[in-house]
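For the numbering used here, count along the sequence shown from 1 and bump the result up by 8.
The C-beta atom is built at its ideal place from N, Cα and C for all residues, glycine as well.
First the structure, in the form of structure tokens, and then the observations on it.
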Amino acid sequence: MKPTIAVHFQYGSATHTGWFRTINEDRSLLRVGQTVKGVPYAAAALADGMGGSEDGAQASELAIRRLKEWLDAKVPALLSAGDNLTRLEREAEAWFFAVHRELVDTGRGSRGRLGTTLTLLLLTDAVYFIAHVGDCRIYRLSPAGRCKRLTRDHTWVSAQVRRGRMSVRRARSHPKRNVLLHSLGMGERPDVYIRSGYYAPGTLFLLSSDGFHDRFLPRSIAALLRTANGKGSDLQEMCDLLLTKALQRKSDDNISVVLLKPVTGKKNAKERLRLYCGLWLRRLYRCGCKLLSSLSSG
9 MKPTIAVHFQ YGSATHTGWF RTINEDRSLL RVGQTVKGVP YAAAALADGM
59 GGSEDGAQAS ELAIRRLKEW LDAKVPALLS AGDNLTRLER EAEAWFFAVH
109 RELVDTGRGS RGRLGTTLTL LLLTDAVYFI AHVGDCRIYR LSPAGRCKRL
159 TRDHTWVSAQ VRRGRMSVRR ARSHPKRNVL LHSLGMGERP DVYIRSGYYA
209 PGTLFLLSSD GFHDRFLPRS IAALLRTANG KGSDLQEMCD LLLTKALQRK
259 SDDNISVVLL KPVTGKKNAK ERLRLYCGLW LRRLYRCGCK LLSSLSSG
């Protein structure tokens, strides 16, 4: 009898300097493993270094290296713990702050500044978890073909759009469209965006750097994902196709895309309802904490 190997996740990745860059400051990570209880999990991450020089590449490289260490040392146990999402949120935020401090200290030691974005996606047991700082993005394409962006850009123009001071069309071409309000290693302690939710088997997740998604309208990204996914293409082939499409649009920045698809992870209706309630309570709690913090600081 031939041995069988369970496949829980499919994945692919692709990157390019872009047409007008000589250094690629993007760094990515893909990891598939098991929790201490033997439950499969997958991790995907993108870091986009800032500065347009080797300093940006050094910053993104450091962030991804520290992320690998954290995944090995902490995440398998965190994902197996009771009330694991609450603990994961707390630990992930603390880890982001630690990397931020290390980049600040490293930059001071070399009399420079090291800055990077970082976007992390964890999938396990039908739950996704996101920790994010910067302007890389995560999109989710459901098995039914509904496409949704799961992250919020930490850019100046995005903040203006959310406050109703600028249209989305104007933001796409504004001179300050790439100005970041939050990053790792630059400025004050960053505001880490945390989000979690439920996924169904066959859901497709896309992580992209701005060299990719700045070239397309949201509906175009959705159409690209639906078309490629509908053909049943291998995820690596899909990544190569998305990269080619961005290059055809003459992207002037580094381009990186990562695709991740869970093929297992179904929960029954009762478990799903309990999960949804817990996720919404956590979201309400985080929003309340941020509101109280803004009121006290104001």
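Asked                                                                                                       : Found
Bridge-paired residues (DSSP) for Asp34                                                                     : Asp56
Simplified DSSP assignment, three categories, for Thr127                                                    : strand
Classification of Ala81 by the beta-carbon crowding that lies within 10 angstroms, buried from 16 upward    : exposed
Coarse secondary structure for His108, derived from DSSP in three states                                    : helix
Where His140 sits in the DSSP three-state scheme                                                            : strand
Inside the region 226 to 279 only - alpha helix (DSSP H) runs reaching at least 4 residues                  : 226 to 238 and 243 to 256
Segment limits, beta strand (DSSP E) that includes Arg145                                                   : Arg145 to Leu149
Range of the contiguous alpha helix (DSSP H) that encloses Ser181                                           : Val176 to Ser181
Buried or exposed (CB count within 10 angstroms, at least 16 for buried), Pro209                            : exposed
Proximity below 8 angstroms, CB of Lys269 to CB of Gln18                                                    : yes
Which of helix, strand or coil DSSP assigns to Val44                                                        : coil
Lys10, buried or exposed, once every other Cβ within 10 Å from all chains shown has been counted against 16 : Only weak support exists for where Lys10 lies, its pLDDT of 44 falling under 50; the coordinates are left without a value.
Contact set for Leu93: own chain, Cβ-Cβ below 6 angstroms, skip 5 residues either direction                 : Ser204
Collapsed DSSP secondary structure at Thr211 in the structure displayed                                     : coil
Contact belief for Leu128 with His140 at Cβ below 8 angstroms, rounded distance in angstroms                : 7 angstroms
CB-CB length for Leu212 against Leu158, believed under 8 angstroms                                          : About 12 angstroms; that fails the 8 angstroms criterion.
Cβ neighbour criterion (16 or more within 10 Å) applied to Ala277                                           : In this prediction, Ala277 scores a pLDDT of 49, lower than 50, which makes its location untrustworthy; no coordinate-derived value is stated.
Where the beta strand (DSSP E) through Ala22 begins and ends                                                : Phe17 to His24
Ser264 to Leu54 span [Cα, whole Å]                                                                          : 8 angstroms
Between the CA atoms of Leu96 and Trp103 - distance to the nearest angstrom                                 : 10 angstroms
For Val165 and Met174, believed in contact at Cβ under 8 angstroms, the rounded distance                    : 6 angstroms
Segment contact flag, the region 44 to 58 with the region 25 to 35, C-beta cutoff 8 angstroms, min 3 pairs  : yes
Coil, strand or helix - Ser191 by DSSP                                                                      : coil
Thr330 (DSSP reduced to helix, strand or coil)                                                              : Beyond the ends of the chain as shown, which are 9 and 306, falls residue 330; an answer cannot be given.
Bridge partner(s) assigned by DSSP for Leu205                                                               : Inspection of the sequence shows that residue 205 is occupied by Gly rather than by Leu. DSSP, once it has assigned bridges, lists Tyr136 as partnering Gly205.
Local Cβ density within 10 Å of Tyr147, reported as buried at 16 or more and exposed below that             : buried
Pairwise C-alpha distance: Lys45 and Arg223                                                                 : 42 angstroms
Assigned exposure category for Thr132 - 16 Cβ within 10 Å defines buried                                    : buried
Option nearest Gly123 by Cα separation, candidates Pro84, Phe220, Asp161 and His190                         : His190
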